[in-house]
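This note's numbering puts the last residue of the sequence shown at 1023; the count rises by one with no breaks.
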Amino acid sequence: MVTEITTSDAERKMLSDAGYADPAINYYLEKKYMGCIENADQVSEKIGSCGDIMRVYLKMDDHNLIDDVRYEITGCAGAISAAMAAVDLVKGKTIDDALKMNDGDVFKVLENIPEKKHHCIQLAVKTMHQGILEYKNRTIM
Ligand code: FES
């Protein structure tokens, strides 16, 4: 019997061999917060030291809690998994609580990614913070 290996199985194995833990791999493969929000309250963009680009879209609810977030990313698997995990950490939070989210929190959710990819977590977190701060400065202050 021939066992069929799907693309996602192959990608999963490759990422696992490279040092990505299962939660990080799942975030990367699912990409559940990738894309844009048409009527976003804030759109902000950041370029990482590696030259990769992230754009974050924020949607707030009537109580000024973070209702939804999407990222557009030209970047690596580390960047994508970190950004997706960052969204789960801030959804439903106040602006001030969301600003407390840091690289360590994202790393904990991912469980592990290769050490040389840690700066990708920083890019995801910095982009999120920039979006939140720009929204805050524009609307609240
Ligand atoms: Fe650029 Fe990961 S290498 S974000």
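Quick reminder that beta carbons are idealized off the backbone N, C-alpha and C, glycines included. All values derive from a computational prediction rather than experimental measurement.
Start-to-end residues for the alpha helix (DSSP H) that takes in residue i
| i | result |
| --- | --- |
| Ala1006 | 1000 to 1021 |
| Gly986 | 985 to 992 |
| Ala903 | First-last for Ala903: undefined, no H or E at that position. |
Under 9 angstroms between C-beta atoms of residue i and residue j
| i | j | result |
| --- | --- | --- |
| Gly957 | Leu911 | no |
| Cys932 | Glu954 | no |
| Val972 | Asp979 | yes |
| Tyr939 | Gly1013 | yes |
| Val991 | Ala967 | yes |
| Asn852 | Thr976 | Nothing about residue 852 can be reported from this structure: the residues present for the chain run from 883 to 1023 only. |
| Lys1008 | Lys928 | yes |
| Ala959 | Lys895 | no |
| Met936 | Ala961 | yes |
| Gly930 | Glu997 | no |
Practice prompt. Any chance you could list the alpha helix (DSSP H) runs of at least 4 consecutive residues sitting entirely within the region 913 to 982, in chain order?
Written response: Complete alpha helix (DSSP H) runs here, min 4: 959 to 972, 977 to 982.
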